[in-house]
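Here's the structure, in structure tokens; my notes come after.
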Amino acid sequence: MIANADALLKPLTIKGLTIRNRVMSTSHAPGYGQDGKPQERYQLYHAEKAKGGIGLTMFGGSSSVALDSPAAPWNQISVADDSVVPFFQQFADRVHAHGAKLMIQLTHMGRRTKYDTENWFPTLSASAMREPASRTIPKAMEQEDIDRVVRDFAAAARRCKEGGLDGCEVSAAHGHLIDQFWSPGVNRRSDKYGGSLENRMRFGIEVLEAMRAEVGDDYVIGIRMSGDEMIADGLSHEDCLTIASEYARRGLVDFLNILGGQARDHIAHAISLPNMSFPVAPFLFLPSAVKREVDVAVFHAQRVTDLATAARAVSEGHVDMVAMTRAHIADPHLVKKLSEGRADDIRQCVGAGYCIDRIYVGGDALCIQNAATGREATMPHVIAKADVRRKVVVVGAGPAGLEAARVAAERGHHVVLFEKEALAGGQIGIAAKAGWREALSGVTRWLVAQVTKLGVDLRFGTAATEAAILAENPDVVIVATGGLPSRGHAKGAAEHAVTTWDVLTGAVEPTGSVLLYDEMGQHNAASTAELLAKRGCLVELVTHDRMVGEELGATNQPVHLRELYKLGVIMTPNMELIEVYPEGNRLVAALRNTMTDAEEERVVDRVVVEHGTLPVDGLFFSLKAASVNKGALDQSAIVRGEPQPYDLSQGYALYRVGDAVAGRNIHAAIYDALRLCKDL
Numbered sequence: 010m011i012a013n014a015d016a017l018l019k020p021l022t023i024k025g026l027t028i029r030n031r032v033m034s035t036s037h038a039p040g041y042g043q044d045g046k047p048q049e050r051y052q053l054y055h056a057e058k059a060k061g062g063i064g065l066t067m068f069g070g071s072s073s074v075a076l077d078s079p080a081a082p083w084n085q086i087s088v089a090d091d092s093v094v095p096f097f098q099q100f101a102d103r104v105h106a107h108g109a110k111l112m113i114q115l116t117h118m119g120r121r122t123k124y125d126t127e128n129w130f131p132t133l134s135a136s137a138m139r140e141p142a143s144r145t146i147p148k149a150m151e152q153e154d155i156d157r158v159v160r161d162f163a164a165a166a167r168r169c170k171e172g173g174l175d176g177c178e179v180s181a182a183h184g185h186l187i188d189q190f191w192s193p194g195v196n197r198r199s200d201k202y203g204g205s206l207e208n209r210m211r212f213g214i215e216v217l218e219a220m221r222a223e224v225g226d227d228y229v230i231g232i233r234m235s236g237d238e239m240i241a242d243g244l245s246h247e248d249c250l251t252i253a254s255e256y257a258r259r260g261l262v263d264f265l266n267i268l269g270g271q272a273r274d275h276i277a278h279a280i281s282l283p284n285m286s287f288p289v290a291p292f293l294f295l296p297s298a299v300k301r302e303v304d305v306a307v308f309h310a311q312r313v314t315d316l317a318t319a320a321r322a323v324s325e326g327h328v329d330m331v332a333m334t335r336a337h338i339a340d341p342h343l344v345k346k347l348s349e350g351r352a353d354d355i356r357q358c359v360g361a362g363y364c365i366d367r368i369y370v371g372g373d374a375l376c377i378q379n380a381a382t383g384r385e386a387t388m389p390h391v392i393a394k395a396d397v398r399r400k401v402v403v404v405g406a407g408p409a410g411l412e413a414a415r416v417a418a419e420r421g422h423h424v425v426l427f428e429k430e431a432l433a434g435g436q437i438g439i440a441a442k443a444g445w446r447e448a449l450s451g452v453t454r455w456l457v458a459q460v461t462k463l464g465v466d467l468r469f470g471t472a473a474t475e476a477a478i479l480a481e482n483p484d485v486v487i488v489a490t491g492g493l494p495s496r497g498h499a500k501g502a503a504e505h506a507v508t509t510w511d512v513l514t515g516a517v518e519p520t521g522s523v524l525l526y527d528e529m530g531q532h533n534a535a536s537t538a539e540l541l542a543k544r545g546c547l548v549e550l551v552t553h554d555r556m557v558g559e560e561l562g563a564t565n566q567p568v569h570l571r572e573l574y575k576l577g578v579i580m581t582p583n584m585e586l587i588e589v590y591p592e593g594n595r596l597v598a599a600l601r602n603t604m605t606d607a608e609e610e611r612v613v614d615r616v617v618v619e620h621g622t623l624p625v626d627g628l629f630f631s632l633k634a635a636s637v638n639k640g641a642l643d644q645s646a647i648v649r650g651e652p653q654p655y656d657l658s659q660g661y662a663l664y665r666v667g668d669a670v671a672g673r674n675i676h677a678a679i680y681d682a683l684r685l686c687k688d689l
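Each residue of the sequence shown is one higher than the one before, counting from 10 in the numbering used here.
Structure representation (structure tokens):
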């Protein structure tokens, strides 16, 4: 067991509420809401954490208390009327049945939302100051607006209590309405709600006083707030200490959930939701400082990805509860595994940010490495044993192949895994070579440890052939041979360009000036550009898209852009590479402007391209004719969650997963494998 694990497993009592341990998940927005309600998918997602031993799980970050704070963006929860109460009651029963506590986060988003959705009311704020992230100019609130929103918060708190929730948290972080009133950069009022910090605190005090009057002194109410907004015209650390101390002194809150940063623009948002480029627990010093000043419980979340860090935070007295939100997305059973002495089985969050990045482009939260999270109704976190033991041969030890081997072995099958390289990982191993992306290797480490523990017959350094596979007399063959990089369609690129893979693996070591052409808009090109610039190359990153890294989300794109600017990389959007040809000992890259068709040329020392991958599928096609299913996947059976309908007494079934089918990403590869193999 990890050091100081007993500190994590010790109960915490807040008023009359006893939470069974010190591990929690903060309120967040997984995009699972339906019609403004936390329905089955939302409930099962949190119930899985309760099954997994969590002490407290919070949902609905952030749930709207008023009609002019729409729930529609990010498929959120509306607590603006009583129709939500029965859903809360059902939700609470589900989570309580497994011994955990359940709370919600309430908010009015203020200017941090859109006006052109749901009810089409203007956004509100302390002053008519535009927010860069949400791009709205709010209405400056009048006294009648303030009074109404205060009443809305109180009514929402009542609905939480009637719904059987164990408490509620008010959001005053990330630039929501309450901290818009606090912030001198947003609040330019001259009335009793503006000017001095004392006046700027008034609105939040009125909200909490009204909530307390509505639900009574025995109901748990907390607040989530920054310990330092880390922006020039925002709240300083001293300001935040003053607010936290005053709200606690007045008895308005029973806990303080402290984070670092703000989220008013893209880079601030990325800092407040730190990805793998940040160290573990980068802002733990902020709740630690608050805890020294207050006598209420202090919570904290921000990139606490492992239990050792969490245990240290609690045992050393920095916080009373530590939130491992993204860690529970990666593994909702982590507390159970810790308490059972199975810490080595925990699938640790690598900080890829895939879960959050999907939300900010209108998707639902999914884990890059755990395809069951968010799909609890159809995908198991614990794999059931099969009725009949089969012989399964897997080819390729990238994420798709390793997950296929893991799940098939959990089913009780005899699994042989061929991998031509000496090490597992496939493309993950290449991506992890790119600077701050190294943490991706954690995906491979966990999968390799699991298949080893499960007794999979691992044959590294062994290329699978048709004869070698058939010699195993398999019932099922799963081809996970991945892909190889495409050099694209530009004339001369096949002869004169190299790929990002060539750079990252060290097959080529460019020097001098480099034109890097990216047609994917993902991590690959941006990471490679950073690596080249750090090695002293003069880099121009050219993309067909409107901007560099267009496919990347809120936690990753700003970090890439920050690093590219720091390194002096030239970023050129809206240009297509059309030809590469030699001129003397250098290369000419011909570019076409995608908007005007105007052509330009660059004379450089090296051209690097990123066009994604094409499947390595020769082995699959050599095995296809003899298979009972001719390599076909019954899609209807997959969607229904049923076994593939092929008679294995007549021979072997053959399937492809991951990039061996088509170039996609880690999550798609792992999901391919899980949903196929869970029913083998």
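Backbone N, C-alpha and C define an ideal beta-carbon position, used for all residues, glycine too.
Residues of its chain near residue i, where Cβ-Cβ distance is below 6 Å and the 5 sequence neighbours each way are ignored
{"i": "Ile675", "result": "Ile377 and Pro408"}
{"i": "Leu467", "result": "Leu426"}
{"i": "Glu215", "result": "Val159"}
{"i": "Arg611", "result": "Leu524 and Ala598"}
Distance, residue j Cα to residue i Cα
{"i": "Val618", "j": "Lys58", "result": "43 Å"}
{"i": "Ser92", "j": "Pro131", "result": "24 Å"}
{"i": "Thr509", "j": "Glu518", "result": "11 Å"}
{"i": "His105", "j": "Leu21", "result": "16 Å"}
{"i": "Arg601", "j": "Asn379", "result": "41 Å"}
{"i": "His107", "j": "Ala56", "result": "7 Å"}
{"i": "Arg8", "j": "Lys429", "result": "Nothing about residue 8 can be reported from this structure: the residues present for the chain run from 10 to 689 only."}
{"i": "Leu561", "j": "Val551", "result": "16 Å"}
{"i": "Asp366", "j": "Thr382", "result": "15 Å"}
{"i": "Leu576", "j": "Lys543", "result": "7 Å"}
{"i": "Gly260", "j": "Tyr228", "result": "12 Å"}
{"i": "Ser450", "j": "Lys442", "result": "9 Å"}
{"i": "Glu588", "j": "Val616", "result": "11 Å"}
{"i": "Ser362", "j": "Asn565", "result": "A small correction: the amino acid at residue 362 is Gly; Ser does not occupy that position in the sequence shown. Distance between the alpha carbons of Gly362 and Asn565 is about 7 Å."}
{"i": "Lys300", "j": "Ala306", "result": "8 Å"}
{"i": "Ile187", "j": "Glu153", "result": "16 Å"}
{"i": "Leu265", "j": "Arg139", "result": "28 Å"}
{"i": "Tyr51", "j": "Gln99", "result": "11 Å"}
{"i": "Ser71", "j": "Gln85", "result": "7 Å"}
{"i": "His390", "j": "Gly243", "result": "42 Å"}
{"i": "Glu592", "j": "Ala534", "result": "25 Å"}
Which of helix, strand or coil DSSP assigns to residue i
{"i": "Lys410", "result": "Position check: residue 410 holds Gly in this sequence, whereas Lys was assumed. Looking at Gly410 - three-state DSSP - the assignment turns out to be helix."}
{"i": "Ser536", "result": "helix"}
{"i": "Glu610", "result": "strand"}
{"i": "Asn266", "result": "strand"}
{"i": "Lys300", "result": "helix"}
{"i": "Tyr51", "result": "helix"}
{"i": "Pro82", "result": "helix"}
{"i": "Asp125", "result": "coil"}
{"i": "Pro591", "result": "strand"}
{"i": "Tyr526", "result": "strand"}
{"i": "His505", "result": "helix"}
Neighbourhood of residue i by C-beta distance below 7 Å, restricted to the same chain and skipping five residues each side
{"i": "Phe190", "result": "Ala135, Asn196, Tyr202, Arg209, Phe212 and Gly213"}
{"i": "Leu206", "result": "Asp248 and Thr251"}
{"i": "Ala320", "result": "Ile11, Ala12, Asn13, Ala14, Ala16 and Leu17"}
{"i": "Val32", "result": "Leu17, Ile63, Gly64, Ala319, Val331, Met333 and Val344"}
{"i": "Arg312", "result": "Pro283, Phe287, Val289, Ala290, Pro291 and Gly360"}
{"i": "Ile679", "result": "Gln378, Ala380, Pro408, Ala409 and Glu412"}
{"i": "Asn583", "result": "Arg555, Asn602, Thr603 and Met604"}
{"i": "Tyr369", "result": "Gly562 and Ala563"}
Pick from the options that is closest to residue i, judged by C-alpha positions
{"i": "Gly545", "options": "Glu559, Pro567, Gln43 and Ser522", "result": "Ser522"}
{"i": "Val237", "options": "Glu255, Leu250, Ala542 and Asp227", "result": "Residue identity differs from the one stated: residue 237 is Asp in this sequence, not Val. Checking every option, the nearest Cα to that of Asp237 belongs to Leu250."}
{"i": "Asn128", "options": "Ala101, Thr537, Phe162 and Ser78", "result": "Ser78"}
{"i": "Ala336", "options": "Gly326, Leu316 and Ser348", "result": "Leu316"}
{"i": "Glu151", "options": "Lys110, Asp200, Ala181 and Leu513", "result": "Asp200"}
{"i": "Thr581", "options": "His620, Val666, Glu528 and Ala682", "result": "Glu528"}
Beta-carbon contacts of residue i that lie in its chain and below 8 Å, excluding the five residues immediately before and after
{"i": "Arg141", "result": "As written in the sequence, residue 141 is Pro, which differs from the Arg given in the question. Here the set comprises Arg273, Asp274 and His275."}
{"i": "Asp161", "result": "Val74, Ala75, Ala89 and His117"}
Problem set entry | Ordered list of beta strand (DSSP E) runs contained in the region 197-264, each at least 3 residues | 229-235
For this session: Scan the region 368-433 and note each continuous beta strand (DSSP E) run of 3 residues or more that stays entirely inside, going in chain order.
Result: 400-404 and 423-428
Exercise. Considering only residues of the region 438-497, which uninterrupted alpha helix (DSSP H) runs meet the minimum length of 4 residues and lie entirely inside it, listed in chain order?
Worked result: 450-462 and 475-479
Problem set entry | Uninterrupted beta strand (DSSP E) stretches inside the region 89-135 (no shorter than 3 residues) | 110-116
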